[in-house]
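Each residue of the sequence shown is one higher than the one before, starting from 285 at the first, in our numbering. Notes for the one structure printed next.
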Amino acid sequence: MPIIAGELTMQALVVDISAPAGLRPAEVEDPVPAPDEALVAVRAVSLNFGDVNSVKAGLFEPGAVPGYEAAGIVEVEARDGSGPPRGARVATFGLDGAWATRRAVPVRELAVVPAGVELGAASTLPAAGVSALRAVRRLGPIVGRRVLITGASGGVGRYAVQLATMGGAEVIAAVGSEARGEGLADLGAAEVVVGIKRIAGPVHGVLETVGGQVLADAFAVLADGGSLQSIGCASGEPTTFEPLATVSDPHRVLETFMAGAAMGEDTRYLAALLAAGRLRPQVGWRGGWDRFAEAIEALCGRRVAGKAVLDVAAD
Ligand SMILES: NC(=O)c1ccc[n+]([C@@H]2O[C@H](COP(=O)([O-])OP(=O)(O)OC[C@H]3O[C@@H](n4cnc5c(N)ncnc54)[C@H](OP(=O)(O)O)[C@@H]3O)[C@@H](O)[C@H]2O)c1
């Protein structure tokens, strides 16, 4: 397909702070891929706390196309020959550009999706799934150890519960209410708690996505030698530690976590787990992408168990 710069041939959700959820549908220019980028026809996108809230926080210029995760079909393969061929089904990651009918993606940020893995499910892997996977790895050996996962009801949390369980941990899933804990025991959680103060005994590792008081409470139950990975702050609340809370038990680590880049290889691994039925996609909301404002409202309102997926075109 010839790509002509400047042509308005692509549908997208673009930033418009006066519109619902800060977005409106529009026709925009097709992306022009670099030599190491494939052009992907998007079939499904998955929403994240991070991309949705960075729109609300005004981090994009008006007219920009946001979005981290999308899955679709390679329409034009990377010119340098490094990527999958035209027609390959792929899951993709980027810091923007996902919420559109076409996306240019560096080959290192995409993974071929095995036949049998549905593209909506695959779209939830590159940001939420890979972040969970890399955070679990940062805890080091977890076989037979207690691991606390906060915000366990969310997109990262539901994958983290499954992956930490797979790694041999005894997982304690912390959620905001009993209803938000539904389904987590089926994903492997040994214990589901509302409020960390109810946890009996210390934990070796914490994957923390909520921030605020939850971060301080989670650090307080960390065992000597344990690691807390501070992944996010979904609460938007500041954290106050009790005096000396961070200087007693000197071998505890509170570390900043960043998922980083080059998500392709880890996405491929997670897609293989989905294909094998060893990982369960956590799609708690699904609908056409014309319903984006409703999906964003549900996600930000903590009414989605896991991920919200928007269908852009038929798979
Ligand atoms: N560092 C990184 O590389 C990285 C990568 C991915 C994500 N993140 C961050 O990790 C966090 C979680 O991401 P996600 O995609 O899993 O988000 P999500 O699906 O929206 O889940 C967030 C969870 O946090 C809990 N929460 C508590 N207070 C909340 C509030 N005021 N508003 C919304 N949620 C609240 C909710 O659980 P309950 O309803 O059960 O309380 C919710 O399920 C975000 O801060 C995100 O930016 C960071």
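Note that beta-carbon positions come from the ideal geometry of N, C-alpha and C, so glycine has one too. This structure is a prediction, so every number in the text was calculated from the model and none was measured.
Closest Cα partner of A362 within the set P317, D574, I426: The residue labelled residue 362 in the question sits at position 78 within the sequence shown. When only C-alpha atoms are compared, the closest one is P317.
Coarse secondary structure for S415, derived from DSSP in three states: In the sequence shown, the residue the question calls residue 415 occupies position 131. Correct three-state label for S415: helix.
Inter-stretch contact at 8 angstroms, needing at least 3 Cβ pairs: the stretch 466–476 / the stretch 411–419: Here the stretch 466–476 makes no contact with the stretch 411–419; the two share fewer than three CB pairs at distances below 8 angstroms.
Within 9 angstroms, strictly: CB atoms of E578 and G571: Numbered from its first residue, the sequence shown carries residue 578 at position 294. Numbered from its first residue, the sequence shown carries residue 571 at position 287. Yes, these two residues count as a Cβ contact at 9 angstroms.
Counted within 10 angstroms of its Cβ, other Cβ atoms place T376 as buried (16 or more) or exposed: Taking the sequence shown and counting its residues from 1, the one referred to as residue 376 is at position 92. With 16 or more other Cβ atoms within 10 Å, it is buried.
Supposed contact pair A310 and G356 - C-beta distance, whole angstroms, cut 8 angstroms: By one-based count along the sequence shown, residue 356 stands at place 72. By one-based count along the sequence shown, residue 310 stands at place 26. No, G356 and A310 are not in contact; Cβ-Cβ is about 19 angstroms, not under 8 angstroms.
Exposure of V336, with buried meaning 16 or more beta-carbon neighbours within 10 Å: Walking along the sequence shown from the start, residue 336 turns up at place 52. Around the beta carbon of V336, 16 or more other beta carbons sit within 10 angstroms, so the residue counts as buried.
Counted within 10 angstroms of its Cβ, other Cβ atoms place F576 as buried (16 or more) or exposed: As a first step, residue 576 must be located in the sequence shown, where it is residue number 292. Burial call: buried.
Run of the alpha helix (DSSP H) containing V316, from where it starts to where it stops: Looking up residue 316 in the sequence shown gives position 32. Boundaries cannot be given for V316, as no alpha helix (DSSP H) includes it and DSSP labels it neither H nor E.
Assigned exposure category for S461 - 16 Cβ within 10 Å defines buried: Taking the first residue of the sequence shown as 1, we reach residue 461 at position 177. The residue in question, S461, is exposed, as its Cβ has fewer than 16 Cβ neighbours within 10 Å.
Integer-rounded CB distance, given that S330 should sit under 8 angstroms from S407: Walking along the sequence shown from the start, residue 407 turns up at place 123. Walking along the sequence shown from the start, residue 330 turns up at place 46. About 4 angstroms separates the two Cβ atoms, so the contact holds.
Where F541 sits in the DSSP three-state scheme: Translated into the one-based positions of the sequence shown, residue 541 becomes position 257. Here F541 sits in coil by DSSP.
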